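Numbered per the working numbering, the sequence shown spans residues 44 to 137.
Glycine included, C-beta positions come from ideal geometry on N, C-alpha and C.
In this text, all values refer to a predicted model and were calculated from it rather than measured experimentally.
Structure record follows, encoded as structure tokens.
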Amino acid sequence: GDDTRAFAPPFLPKNDAGEPSEVSAYFAGINRNKVSVTMNYTKAEGQQVIRRLLSKCDVLVENFKSGTLARYGLGYEDLKAEYPKLVYCSITGF
Numbered sequence: 044g045d046d047t048r049a050f051a052p053p054f055l056p057k058n059d060a061g062e063p064s065e066v067s068a069y070f071a072g073i074n075r076n077k078v079s080v081t082m083n084y085t086k087a088e089g090q091q092v093i094r095r096l097l098s099k100c101d102v103l104v105e106n107f108k109s110g111t112l113a114r115y116g117l118g119y120e121d122l123k124a125e126y127p128k129l130v131y132c133s134i135t136g137f
């Protein structure tokens, strides 16, 4: 889960009346100016979208179990020739 969303108080205000939202100030500060997407990388359509996004990206950061993306043609060895300037960062605890 996303534990940092709840590192609070303080929470950001939900509205002009100042009622607290469910978003902590910490989470909002750490994630400002970031854009997130979810993708079903197990489907061909998702893999195509990921490759389209990679054509405009500098860095790919993934935290799956080792070898997961490679099974779907999205591992470093699969991508390095097509995206030679891509920085591929794999962070795994497995």
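Check                                                                                                                                                     : Outcome
Take the Cβ of I93 as the centre, count every other Cβ of all protein chains shown within 10 Å, and call the residue buried at 16 or more, exposed below. : buried
Who are L103's beta bridge partners in DSSP?                                                                                                              : Y131
In angstroms with no decimal places, state the Cα-to-Cα distance between Q91 and P56.                                                                     : 38 angstroms
For P52, which option in L112, F70 and S98 has the closest C-alpha, if you only look at C-alpha atoms?                                                    : F70
Smallest Cα separation from I134: which of V102, Y84, V80 and Y115?                                                                                       : V102
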